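Asker:
Numbering (full-length UniProt numbering), first residue to last: 1 to 190.
1) From the DSSP output, in three-state form, read off residue 159 for me.
2) So residue 165 packs on residue 133, CB below 8 Å; how close in whole Å?
3) Quick one, are the C-beta atoms of residue 120 and residue 79 less than 9 Å apart?
4) Would the region 71-89 count as touching the region 101-120 if we require 3 or more Cβ pairs under 8 Å?
5) Name the one or two DSSP bridge partners that residue 100 has.
6) Mind checking which residues open and close the beta strand (DSSP E) that includes residue 36?
7) Distance check for residue 22 and residue 14, CA to CA, integer angstroms please.
8) Does the separation of the CB atoms of residue 154 and residue 94 fall below 9 Å?
9) Within 10 angstroms of its Cβ, does residue 175 collect 16 or more other Cβ (buried), or is it exposed?
10) Between the Cα of residue 55 and the Cα atoms of 38, 48 and 30, which residue gives the shortest distance?
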């Protein structure tokens, strides 16, 4: 199933045909949508012109996790959202995806996710990594107990990485503000 180009090309990957087709129908009014019903088909359709992939984790044959690994090995450069009924484990910290949606997913959540991913795609690589880390941390915060979070080395690692990124962003913002201040001190500056 493919539609004509609109705003962003989206690949929906889910072995449940009814779910994949529903997501495609929700997205088609605004996006060019392709649907894959298994991992092999997903890898065939994952071309350079795909902007966002919605990927189910649990599929027979080649799982979403395996598809994700192959896409990463190929250097596939697009935003990837895991859309799955699988509760996230701490293994998601090291997985190369941008966001994690837990089924059932609403039309609003899916369309907002596409918009967010297309916006993130305009950011530089560091900001994309920062937003992916924040999304993973937020997913774990929402799905795990405080005790589970406190015991997890992976969660401690992602928290540290998010804090480091946030500090770098704050430093960059301070430098920009300082630079703007210097500009206004120049003759003719407002």
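Note that CB positions come from ideal geometry on N, CA and C, so glycine has one too. A quick note: this is a predicted structure, and the numbers were derived from the prediction, not measured.
Answerer: Put simply:
1) DSSP places residue 159 in helix when its eight states are reduced to three.
2) Indeed they touch by this definition, with Cβ atoms about 7 Å apart.
3) Contact: yes.
4) Touching, yes.
5) BP columns for residue 100 point to 82.
6) 32-36 is the extent of the beta strand (DSSP E) around residue 36.
7) Looking at the backbone, the Cα of residue 14 and that of residue 22 are separated by about 11 Å.
8) In this structure, residue 94 lies closer than 9 Å to residue 154 by Cβ.
9) Exposed, because fewer than 16 other Cβ atoms sit within 10 Å of the Cβ of residue 175.
10) Distances from the alpha-carbon of residue 55 to those of 38, 48 and 30 put 38 closest.
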